[in-house]
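Same order as they appear, the protein sequences are chains A and B. In terms of our numbering, the first sequence opens at residue 339 and continues consecutively. In terms of our numbering, the second sequence opens at residue 34 and continues consecutively. Report on one structure; see the data block that follows.
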Amino acid sequence: MGWYPIGDISDIPLRGARCVKTPQMNIAIFRTGENEVHAIENRCPHKGGPLSEGIVHGNAVTCPLHNWVISLETGKALGADEGEVRVIPVRNEGGRLSIALENVMMVAAE
Amino acid sequence: MTEKLVIIGNGMAPGRMLEHLFEQAPGRYAVTIFNAEPRVNYDRIMLSPVLSGEKSYEQIVIHGDGWYIDHGITLYKGHRIVAIDRGTKAVTSDHGVTESYDKLVIATGSVPFIIPVPGKDLPGVITYRDLDDVQAMLLAAQSREKAIVIGGGLLGLEAAAGLALRGMDVTVLHVNSSLMERQLDPAAGYLLQTELQRRGIKVICKANTKAIIGNGRVEGVELDNGTIIPATLVVMAVGIRPSAGLAKDAGLAVNRGIVVDAGMQTSDGDIYSIGECAEVGGMVYGLVAPLYEMARIAASHLAGDSKPAFVHSDTPTKLKVTGIDLYSLGDFADGDDRQEIVLRDATAGVYKRLVLKDNRIIGTVLYGETADGAWFNDLKKKAVDISEMRDTLIFGQAYQGGAPLDPMAAVAALPDDAEICGCNGVCKGKITSTITAKGLTSLDEVRAHTKASASCGTCTGLVEQLMSLTLGDAYNPKAVSPMCPCTELGHDDVRRLIKAKGLKTIPAVMQELEWKTSCGCAKCRPALNYYLVCDWPDEYADDYQSRYINERVHANIQKDGTYSVVPRMWGGVTNSQELRAIADVVDKFEIPMVKVTGGQRIDLLGIEKEDLPAVWADLGKAGFISGQAYAKGLRTVKTCVGSDWCRFGTQDSTGLGIRIEKFMWGSWTPAKLKLAVSGCPRNCAEATCKDIGVICVDSGFEIHFAGAAGLDIKGTEVLGLVKTEDEALEHIVALTQMYREQGRYLERIYKWAKRVGLDEIRRQIMTDTEKRQAYYERFVFSQTFAQVDPWSERVSGKDKHEFKPMATVGFNQAAE
Chain A
339 MGWYPIGDIS DIPLRGARCV KTPQMNIAIF RTGENEVHAI ENRCPHKGGP LSEGIVHGNA
399 VTCPLHNWVI SLETGKALGA DEGEVRVIPV RNEGGRLSIA LENVMMVAAE
Chain B
34 MTEKLVIIGN GMAPGRMLEH LFEQAPGRYA VTIFNAEPRV NYDRIMLSPV LSGEKSYEQI
94 VIHGDGWYID HGITLYKGHR IVAIDRGTKA VTSDHGVTES YDKLVIATGS VPFIIPVPGK
154 DLPGVITYRD LDDVQAMLLA AQSREKAIVI GGGLLGLEAA AGLALRGMDV TVLHVNSSLM
214 ERQLDPAAGY LLQTELQRRG IKVICKANTK AIIGNGRVEG VELDNGTIIP ATLVVMAVGI
274 RPSAGLAKDA GLAVNRGIVV DAGMQTSDGD IYSIGECAEV GGMVYGLVAP LYEMARIAAS
334 HLAGDSKPAF VHSDTPTKLK VTGIDLYSLG DFADGDDRQE IVLRDATAGV YKRLVLKDNR
394 IIGTVLYGET ADGAWFNDLK KKAVDISEMR DTLIFGQAYQ GGAPLDPMAA VAALPDDAEI
454 CGCNGVCKGK ITSTITAKGL TSLDEVRAHT KASASCGTCT GLVEQLMSLT LGDAYNPKAV
514 SPMCPCTELG HDDVRRLIKA KGLKTIPAVM QELEWKTSCG CAKCRPALNY YLVCDWPDEY
574 ADDYQSRYIN ERVHANIQKD GTYSVVPRMW GGVTNSQELR AIADVVDKFE IPMVKVTGGQ
634 RIDLLGIEKE DLPAVWADLG KAGFISGQAY AKGLRTVKTC VGSDWCRFGT QDSTGLGIRI
694 EKFMWGSWTP AKLKLAVSGC PRNCAEATCK DIGVICVDSG FEIHFAGAAG LDIKGTEVLG
754 LVKTEDEALE HIVALTQMYR EQGRYLERIY KWAKRVGLDE IRRQIMTDTE KRQAYYERFV
814 FSQTFAQVDP WSERVSGKDK HEFKPMATVG FNQAAE
């Protein structure tokens, strides 16, 4: 497990999201209305929709393809739907953000 | 790898099976359905209300076309399968389509039994099985002549009651001595017969049909005692037979129906059968509850869980004739080891009978008063010893100790496992716990989550009582439905209060109107953003985080996360320079698909999000602006070539269309807004199914509105006729502004018009000049802020963050 810097919290709009590309997957980084930062796999468990393009409300995001609501904290689908996406550990040090990626990715690292 | 699931038949059982399957194993199967009927899945139980006129076909559709599209199902409508080849694992339809399968589900249902008498094939003899039969009956009923229904069972009596309501003179012929003898004892059968006769329906029991007579067409029925009854319509409703011929031809084990095990598997392990065609445990079924149970079990097995097994249970029967309350369940034949309790109230037309064995209820017949049906059913199912309450049992649950209970208390007193919805096998506990767990507040939500009252609907009252019990004062069926779970207020109240209180930001609305969530949800935020944009065009700062992705990045998101881009082509007119620019963009960005849209423009599909600003930059250089093909706003103005070219054109429809589009582009509306202008009544621009349309005539411009050609199909209504182009523009703009100010978010103009009333709209736009001009001026004012091309803004750098990743990590860098 290693921590990778991804940028500053101000790079993400309030109640918005940005995308981070990694060799394994795309990760969606969310900034909630309360200035909390969450990172989850950018792929809805339903049909693979890009969650980073959804509307952020509370601690959840609504997928743009078919309106599944995914918890940013647990990665689980809320409401009547069932499914879950990976949650990626994220660190916020005075606005500087980094995410934890598994060592397997180090293979690709120099 | 997705497996191929092919389903023969598109009735209620396979429809329900797919719902379960998509829930349990989403994406596992690619589904293909062959439906011999040319339509989608509808609620067959509700055919009788369609016949009687209490419901329309649209109201009984279970899965609209959209459902099939959403789930990627290929539906062949009007294709009858003629052969199953188990060797190559493929089926072939009568239109020659062959489809291979990994798993096959046969759900061919049943066919009506036709009694083999002379004349059975005469025109005018029909069965009662599907919507085509209902339509044939409705057509025949227009004559208001005489009809004969052969068969005094459930289906026959519902047909008779429906035809009588449609004004026909109906006679029911029943071979047995008493109506509905399989469900009712003779006493209840007699009461039912009396009630039907009171409604003008003649009933002849012990009537044996000898022949159907007529010369080229039905003229009457002859009984074996020589009686001849004249009629122009004969409905045969004597019973059904499982439709198992196809399975038999394929060499599957077939008895009365297609033989399946408790897991719904036929004698071929890759083939399942469910519905009326299936025979399980030696029984075939015709009521919906056991068929839905088969659907549930087949879905589990297809999803890989082979545990669930079909178990027989009695299903209550109800007659769906308005004003006749009838309930029957279980076994009520006489017998030495049986006792009965009977209550009769001739004046009130009430008859109740309980059949007991060893102090336990085994059968129930209720006529005239059926409220206690669920309770008796529950006692029967649990085999409760009733000796303690035997004296008062027949009076129902309310009389078991203490004062009589009101209906609400009776529902409250039901145990959690009491069955409420017989069709779908939903018990009380499931409904109340789902209401609480999911925070359900409307009947529709309860239906969506539990299926209770979602089929025949006779338990709707019970379900509503449960909602009142669970939610208390929070449930008021007549109340306006709230915008979303974040508030109690409906759209209209929110819009009114935004104006009245001068609320100009989303946080202000949420604070002042006491929103229950901190920052709303994906339903209310886009709605509020629209209301504020519309009401305060000069003051409100559009909140892009409250816009749906398409409106945030000004392109249409596709299933794979790429986008499509549609440049505006004014009135559908283009030229070589524009086409060349589009061709260059397609080549440069290797755009995989170029398609002409229904709105007379060109759609570029499959563009990566990161490329959007560069694509727009190139398009912009050729003079293109956004076509707003993604917006809840003005989309297209479709035109025909009009008087410039067409030998029939009466006015310059192309010119008017372009003028309207140039005037109105960029405006946001509650839902998408599509216009068209046709140069003559031949209507080549198809203006009469648009949100707003113009038909040019010699004397001027006929303005139409409130059409639809999507989920619903509806011709437009005429707003009025005006003489000049200027007037046409002013009226169209004023109408749009009225809709902008009053429509609920996502409410198309035809739904708004239906709610507000066509006359009121005509009065305000056509008659009230002052009102019309005020609307017009407010629209013009709003346009000064709205007509900014979003593409060129983004080419110049606005919202840069939307179009590139925040970071790319892990590829060639080490961790800290």
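C-beta atoms are modelled at their ideal positions from N, C-alpha and C, and glycine is treated no differently.
Non-local C-beta neighbours of B/V115 in its own chain, meaning closer than 7 Å and more than five positions away in sequence, comprise T125, S126, D127, ordered along the chain. The segment 495–554 of chain B is shown to contain whole alpha helix (DSSP H) runs of 4 or more residues at 524–533, 539–545, in chain order. Within the segment 457–488 of chain B, the residues whose Cβ lies closer than 8 Å to any Cβ of chain A are, in chain order, K471, A481, H482. The beta-carbon of A/N405 is placed less than 8 Å from the nearest beta-carbon of chain B. For A/V358, the nearest beta carbon of chain B is closer than 8 Å to its own beta carbon.
Residues of chain A with a Cβ closer than 8 Å to the Cβ of B/G337 do not exist; the shortest Cβ-Cβ separation is about 16 Å. In the DSSP assignment, B/F67 is bridged to B/I41, B/Y109. Under the 8 Å criterion on CB atoms, A/P427 is classed as non-interfacial with respect to chain B. Against chain B, the CB of A/V423 has no partner CB under 8 Å away; the residue lies outside that interface. Shown here, B/T683 sits in coil according to DSSP, grouped into three states, outside any helix or strand. Fully contained in the segment 429–491 of chain B are the following alpha helix (DSSP H) runs of length 4 or more, in chain order: 440–446, 461–471, 476–483. Listed as beta-bridge partners of B/E735 by DSSP are B/I728, B/L754.
B/I427: not part of any beta strand (DSSP E); DSSP gives it neither H nor E.
Counting of Cβ neighbours within 10 angstroms places B/K534 among the exposed residues, the total staying below 16. In the DSSP annotation of this structure, the continuous segment of the alpha helix (DSSP H) that includes B/H334 starts and ends at 321–335. In this structure, B/V444 is the residue among B/V444, B/S514, B/L536 with its C-alpha nearest to the C-alpha of B/G494.
Within chain A, no residue has its beta carbon less than 8 Å from that of B/I640; the closest one is some 14 Å off. Within the same chain, and ignoring the five residues on either side of B/L565 in sequence, the residues whose Cβ sits closer than 6 Å to its Cβ are Y573. If you compare the alpha carbons of B/L212, B/G363, B/Y161, B/T350 with that of B/M269, the shortest gap goes to B/Y161. In this structure, B/V271 lies near B/I148, with their beta-carbon atoms less than 8 Å apart. Distance between B/E623 and B/P646, taken at the CA atoms: about 15 Å. Three or more Cβ pairs closer than 8 Å define a contact, and the segment 187–206 of chain B meets that threshold against the segment 216–233 of chain B. Neighbourhood of B/Y581 in chain A, by CB distance below 8 Å: I393, P402, in chain order. Look at the beta carbons and you see the segment 186–202 of chain B not touching the segment 285–301 of chain B: under three pairs across the two are nearer than 8 Å.
Looking at the DSSP output, A/A398 shares a beta bridge with A/H395, A/S409. Under the rule that a run must span 3 or more residues, the beta strand (DSSP E) segments found entirely inside the segment 568–605 of chain B read 596–598.
The three-state secondary structure of A/H376, taken from DSSP, is strand. Scanning chain B for C-beta atoms nearer than 8 Å to the C-beta of A/R434 yields nothing, as the closest lies near 11 Å away. The continuous stretches of alpha helix (DSSP H) do not include B/S133, which lies in the beta strand (DSSP E) extending over residues 131–133. Per DSSP, B/G247 is not a residue of any beta strand (DSSP E), being assigned neither H nor E.
In this structure, B/S732 keeps its C-beta atom at 8 Å or more from the C-beta atom of B/A720.
Around the beta carbon of B/F343, 16 or more other beta carbons sit within 10 angstroms, so the residue counts as buried. One finds P59 in chain B with Cβ atoms closer than 8 Å to the Cβ of A/H384, taken in chain order. Against chain B, the CB of A/G413 has no partner CB under 8 Å away; the residue lies outside that interface. Within chain B, the residues M839 have their CB atoms less than 8 Å from the CB of A/I367, given in chain order.
At a cut-off of 8 Å between beta-carbon atoms, B/C517 makes no contact with chain A.
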